[in-house]
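Basically our numbering = 1-based index in the sequence shown + 32. Ideal placement from N, C-alpha and C gives every residue a C-beta, glycine not left out. Data block below; observations after.
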Amino acid sequence: MPSLWHNPDFLKFWFGETISLLGTQVTNLALPLTALYAFNASDEQVGLLRFLQLVPYLGLALVFGVWVDRSRRRNVMLGTNIVRMVLIALIPVLHWLDVLNMPLLLVIACALGVASCLFDVSWMPFVPTLVKDPRHYVEASQKMGVSQSVSDVAGPGMAGVLVAAMTAPVALVVNAFSYLVSTVMLLLVRTREARPEPTARRHVGVELKEGLQWVFGKPILRWLALVGFCCNFSMITVWTMFLIYGSKVLHLSSSVLGGIFATASIGGLIGAMVSRKVVGRFPIGRVYFVAQTALLLGPMLIVLAAGPTPVVVGMVVLSFFTTYLGLGIANVIIVSVRQTTTPQSMMSRMTACFRTLLFGGGALGGLAAGLLTGWLGDRNALTVAAVFSAAVVVALVRSPVSRLRELPPAAEEPAPAAKAG
Numbered sequence: 033m034p035s036l037w038h039n040p041d042f043l044k045f046w047f048g049e050t051i052s053l054l055g056t057q058v059t060n061l062a063l064p065l066t067a068l069y070a071f072n073a074s075d076e077q078v079g080l081l082r083f084l085q086l087v088p089y090l091g092l093a094l095v096f097g098v099w100v101d102r103s104r105r106r107n108v109m110l111g112t113n114i115v116r117m118v119l120i121a122l123i124p125v126l127h128w129l130d131v132l133n134m135p136l137l138l139v140i141a142c143a144l145g146v147a148s149c150l151f152d153v154s155w156m157p158f159v160p161t162l163v164k165d166p167r168h169y170v171e172a173s174q175k176m177g178v179s180q181s182v183s184d185v186a187g188p189g190m191a192g193v194l195v196a197a198m199t200a201p202v203a204l205v206v207n208a209f210s211y212l213v214s215t216v217m218l219l220l221v222r223t224r225e226a227r228p229e230p231t232a233r234r235h236v237g238v239e240l241k242e243g244l245q246w247v248f249g250k251p252i253l254r255w256l257a258l259v260g261f262c263c264n265f266s267m268i269t270v271w272t273m274f275l276i277y278g279s280k281v282l283h284l285s286s287s288v289l290g291g292i293f294a295t296a297s298i299g300g301l302i303g304a305m306v307s308r309k310v311v312g313r314f315p316i317g318r319v320y321f322v323a324q325t326a327l328l329l330g331p332m333l334i335v336l337a338a339g340p341t342p343v344v345v346g347m348v349v350l351s352f353f354t355t356y357l358g359l360g361i362a363n364v365i366i367v368s369v370r371q372t373t374t375p376q377s378m379m380s381r382m383t384a385c386f387r388t389l390l391f392g393g394g395a396l397g398g399l400a401a402g403l404l405t406g407w408l409g410d411r412n413a414l415t416v417a418a419v420f421s422a423a424v425v426v427a428l429v430r431s432p433v434s435r436l437r438e439l440p441p442a443a444e445e446p447a448p449a450a451k452a453g
């Protein structure tokens, strides 16, 4: 069975998406720095900027999933890439013309969030079109996972150098270029999707309900969604709490905090790189259980950290490294199982359901971190978050995903509803 290294269309898409992810990391740093340095933005304004980038996932992902399942996903991705490229390029141009201001930056951030949400709902369901053989889903997920991990490790450092050398607004040109590369790679993909089957029921509400029923009606998908929600809630809660704790209590500089997360991200890269070999050697459910357990128990190391600051920092690095290592392995399995158990006609709606739940868990985690830290204090809040995270392991024990020996059989398209009369 030839590997995906012999699939030129997948390799083109993979290369384009890797460059795009690196560019996005530049934006994730340069956009708030533009607000801070160019407009002296308050903490609330910086928070609002990030919120506006994410809120479209909560409000629009499910609706976009319905629409994308009716469309050719490659065309949707081409359109959204062009929109994102133009929006990002507008920032340095408007800055050069001296007409950029904070309200305009907030509008651009929200528009970027909408376009990114639509792209994200489209690209994951597009991969099976390129891969075709379900036996390659794990390999495809691994390669995409490696790209995400590489961007997590290299992106922040690259962004810091560019911002220092070019100023924050001008550094965004790099991301505009990355979207151009991604667009060109998509245009070079020769595989064409089949025209989506016309259906008798085209009402958005009905198709939205079908997508939710598909995810929550299948035990494997339901458990993946619920555990994923809890994992994202836990990770963002602990991550946010540590930022507060590290800066206010440990008095760590921003460069040290950035170094901690960059080092931890190497765990995700290693996890993504070894995931295929591990899955090939052990039952897939057992690997999923161990990886998710590492992710969920990692925060306990922060709670146990004590002593001189270098020792505490070392324990924190080990904690986040363990969490990201588990995440890197688990994500490959999760995406592969989702793709295998969902037919093409439902793929975008399934992805949208997961995106909504995962981003919803992260948003609530950030909110919970601020509230709990204010009510309980830094250490007590971290302890509560770590205990909650560890308790989710109980759900892993009950999950049918943990009992899988291999990927489930590929899902068949649901039978069309019989017409009355």
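- Between the stretch 305-323 and the stretch 333-353, the count of C-beta pairs closer than 8 Å stays below three; the two stretches do not touch.
- Ser431 is not a Cβ neighbour of Val322, given a cutoff of 8 Å.
- Straight-line measurement puts the Cα of Leu390 at about 15 Å from the Cα of Ser421.
- In the DSSP assignment, Trp46 falls within the unbroken alpha helix (DSSP H) covering 40-71.
- Sorting Ala443, Lys44, Ala423, Leu357 by C-alpha distance to the C-alpha of Thr223 places Lys44 at the top.
- Sequence-distant partners of Glu444 (beyond 5 residues in either direction) whose C-beta falls short of 7 Å from its own C-beta, in its chain, are Pro375.
- In the DSSP annotation of this structure, the continuous segment of the alpha helix (DSSP H) that includes Leu126 starts and ends at 105-128.
- The beta carbon of Leu90 is closer than 8 Å to those of Thr388, Phe391, Gly392, Ala395 in its chain, skipping five residues each way along the sequence.
- A straight line joining the alpha-carbon of Ala400 with that of Phe265 spans about 9 Å.
- Asn107 sits exposed, since fewer than 16 C-beta atoms from the chains shown fall within 10 Å of its C-beta.
- Three or more pairs of CB atoms, one per stretch, sit closer than 8 Å, so the stretch 318-335 contacts the stretch 346-357.
- Nearest C-alpha to Asn60 among Thr373, Phe386, Ala200: Ala200.
- Rounded to the nearest whole angstrom, the CA to CA distance from Ser179 to Met156 is 14 Å.
- Going by DSSP, Met378 is part of no alpha helix (DSSP H) at all; its letter is neither H nor E.
- Secondary structure note for Trp37: it is in no alpha helix (DSSP H), with a DSSP letter that is neither H nor E.
- Here the alpha carbons of Ile120 and Ile140 stand approximately 8 Å from one another.
- The C-beta distance from Val153 to Phe83 rounds to 20 Å, too long to meet the 8 Å contact threshold.
- The continuous stretches of alpha helix (DSSP H) do not include Ser434, and DSSP gives it neither H nor E.
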